[in-house]
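Mind the numbering: the sequence shown is residues 2 to 212 in my numbering, read in order. For every residue, glycine included, the Cβ atom is placed at its ideal position computed from N, Cα and C. Here is the structure we will look at, set down as structure tokens.
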Amino acid sequence: MSRDQVIAAIYETAIQPHLYDAFIDAWDEYIQLAIHDPRLQSDPVANQDGRDTLGLDLIRLAAFLINADTHRKPVSPGSGDEALPYEMLTMSTGLEMQVFQAGPANGRPVIFLHGMLDGMSPLQVAQQHFKTRGLRVLAPTRSDYGQSDPVTKPSEALDLFTAHVDELITKFKLQRPIILGYLAGAIYGYHLCSELGTRLGGWWLPGPWHR
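Shown next, in the form of structure tokens:
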């Protein structure tokens with residue numbers, strides 16, 4: 002990735018100004034090390050191919066975590082920052098699936114599909130917004146993430162997850178939920194909409210968000 006791409010990725014996280022120069026300096030130093038160290042040549046963060054996206058996602062994640070940690074404050078009940086509740090469901094496939102929830106139980110149903118790197122952190126950040134807008138969000142954790150059981154064959158992951166979401170809609174009696182596919186979750190969103198059709202009320206595929 003180019004230096005300009007890294008700068009743009011950092012800006013997306015709304016990083017605090019006093020951390021910006023330090024982050025860029027650290028990346029520049031790492032790139033110089035990678036140039037002379039063959040062991041780092043395959044690292045996506047050090048990859049100079051402008052088409053690389055994994056490296057940029059790693060940069061976004063690192064900047065987000067650094068930025069969030071610097072202004073962390075004690076969590077107070079009802080603040081919207083408390084830990085998300087979840088439950089473990091045994092699906093008809095025999096696999097266990099971890100499902101997080103946010104928002105009012107009687108709200109408009111939304112199914113949040115998490116990304117590859119940041120998991121449920123966007124849902125954690127936005128949970129108060131969902132609550133104030135009357136949206137009930139269910140967030141199933143895909144196989145091999147969180148506490149959900151892994152799949153035996155990676156090629157089956159997409160179809161298994163679709164079956165699990167279909168079962169989730171029935172179990173919770175959701176009326177045409179909206180699919181919210183975040184980053185890598187968009188791939189699963191496409192497949193869900195293709196397979197479930199009118200069982201769903203629509204879909205939305207946003208880019209990165211922050212407070």
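Inter-residue Cα distance where the pair is residue i and residue j
i      : j      : result
Ser80  : Pro123 : With a pLDDT of 47 at Ser80, under the threshold of 50, the predicted position of this residue should be treated as unreliable, though the coordinate-derived value follows. Each residue's alpha carbon lies about 16 Å from the other.
Trp205 : Gly186 : 11 Å
Leu41  : Leu197 : Here Leu41 scores only 49 on pLDDT, less than 50, and its place in the model should not be relied on; the value that follows carries that caveat. Between Leu41 and Leu197, the C-alpha separation is close to 43 Å.
Pro178 : Gly135 : 13 Å
Leu114 : Gly182 : 5 Å
Pro141 : Leu169 : 9 Å
Leu118 : Ser144 : 14 Å
Met92  : Thr199 : 22 Å
Endpoints, the alpha helix (DSSP H) within which residue i is located
i      : result
Ala164 : 158 to 172
Gln129 : 122 to 133
Ala140 : Not the alpha helix (DSSP H): Ala140 falls in the beta strand (DSSP E), residues 136 to 141.
Gly190 : 186 to 197
Run of the beta strand (DSSP E) containing residue i, from where it starts to where it stops
i     : result
Thr91 : 87 to 91
Where residue i falls, given that 16 or more other Cβ within 10 Å makes a residue buried
i      : result
Gln128 : buried
Pro110 : buried
Gln148 : exposed
Opposing strand residues paired with residue i [DSSP bridges]
i      : result
Gly104 : Note: Gly104 sits in no beta bridge, so no partner.
Val111 : Val138, Ile179
Met117 : Looking at the DSSP assignment, Met117 forms no beta bridge with any residue, so it has no partner.
Gln99  : Met89
Gly203 : Ile179
Identity of the residue in the options nearest residue i by Cα
i      : options                    : result
Thr153 : Thr94, Leu85, Leu90, Met89 : Thr94
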